[in-house]
Amino acid sequence: MIRTPLVLDASIILNMLSVNSLETLLAVEREFCTTDFVLNSIKKTICKGTFAKLEKSQKLKIYSIDKDVEKFFEFHSSLRNLLTIEGCSVLFHAKKTNATLLSSDRNLLDVAKKNDIRSFDLLDVLECMIKKNILSKKEAVENLTALMEENRILLKEACEKRIVRWKN
Numbered sequence: 684m685i686r687t688p689l690v691l692d693a694s695i696i697l698n699m700l701s702v703n704s705l706e707t708l709l710a711v712e713r714e715f716c717t718t719d720f721v722l723n724s725i726k727k728t729i730c731k732g733t734f735a736k737l738e739k740s741q742k743l744k745i746y747s748i749d750k751d752v753e754k755f756f757e758f759h760s761s762l763r764n765l766l767t768i769e770g771c772s773v774l775f776h777a778k779k780t781n782a783t784l785l786s787s788d789r790n791l792l793d794v795a796k797k798n799d800i801r802s803f804d805l806l807d808v809l810e811c812m813i814k815k816n817i818l819s820k821k822e823a824v825e826n827l828t829a830l831m832e833e834n835r836i837l838l839k840e841a842c843e844k845r846i847v848r849w850k851n
């Protein structure tokens with residue numbers, strides 16, 4: 684069975700870093716990647732040591748859009764600027780490589796769906812980590828609760844439903 688690569692956007696990387704679960708996620712036997720645009724955008728947000736570790740990680744491949752810059756900007760224009768350059772870069776890479784997109788950005792996930800790009804949100808990622816025994820339900824509840832406190836973008840109702848399910 685061939686497994687498609689998983690493309691991470693800035694929001695999922697930052698969310699997983701904030702609850703110290705990015706390394707746990709990257710331990711899954713899959714190919715993980717992101718783009719140089721995403722890496723450059725999070726560089727401003729995370730500490731230098733964490734950034735250097737992420738940049739040198741053997742588990743997170745960094746793809747440069749340079750080779751496909753013309754096609755990339757055509758794709759970005761076709762989306763009528765619905766996404767940031769960073770968001771568009773991971774969407775473009777996922778589409779180009781037939782990969783699966785992981786994101787916490789609802790707008791990016793909606794655009795991915797409209798473009799027939801397979802995608803999963805943060806709740807799906809945590810659920811998968813539980814099913815694969817990478818994360819306990821208790822840890823998932825703790826992580827999601829912490830993320831809800833610092834990240835107002837997460838859909839509160841959906842998060843609360845998942846927390847109730849994981850607690851039972």
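To get this note's numbering, take the position in the sequence shown, counting from 1, and add 683.
Glycine included, C-beta positions come from ideal geometry on N, C-alpha and C.
Exposure of R845, with buried meaning 16 or more beta-carbon neighbours within 10 Å: Around the beta-carbon of R845, 16 or more other beta-carbon atoms lie within 10 Å, marking it buried.
Simplified DSSP state of K744, which is helix, strand or coil: strand
Identity of the residues DSSP links to V689 by a beta bridge: Reading off the sequence, residue 689 comes out as Leu, not Val. Note: L689 sits in a beta bridge opposite F715 and T783.
Helix, strand or coil at S819 [DSSP, three-state]: coil
Expected contact under 8 angstroms - CB spacing of F803 and F775 to nearest Å: Going by Cβ atoms, the distance from F803 to F775 rounds to 18 angstroms, so no, they are not a contact pair.
Given S740 as reference, the closest of K796, G770 and T707 once Cα atoms are compared: T707
Beta-carbon contacts of S760 that lie in its chain and below 7 angstroms, excluding the five residues immediately before and after: none
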